[in-house]
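S.K.: In our numbering, the protein residues as written are 1 to 42. Just so you know, even glycine gets a beta-carbon here, dropped at the ideal spot from N, CA and C. All values derive from a computational prediction rather than experimental measurement.
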């Protein structure tokens, strides 16, 4: 099985504005992507 990876660059400014850590932001981004794909039936 081939595994692909998506990389989304973001700046520290984004983390500061969201008052988030990199780990927390990345976990939330993965969850939001999964939810959106589910909504789209994919």
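Measuring alpha carbon to alpha carbon, tell me which of 35, 30, 36 and 18 ends up nearest residue 6.
M.R.: Answer by Cα proximity: 30.
S.K.: Would you grab the beta carbon distance between residue 21 and residue 15 for me? Rounded to a whole angstrom, and I think it's under 8 Å.
M.R.: 7 Å
S.K.: What did DSSP end up calling residue 43 once you bin it into helix, strand or coil?
M.R.: The structure shown has nothing for residue 43, since the chain only spans 1 to 42.
S.K.: Contact defined as beta carbons within less than 8 Å: I believe residue 25 pairs with residue 18. What is the distance between those atoms, to the nearest angstrom?
M.R.: 6 Å
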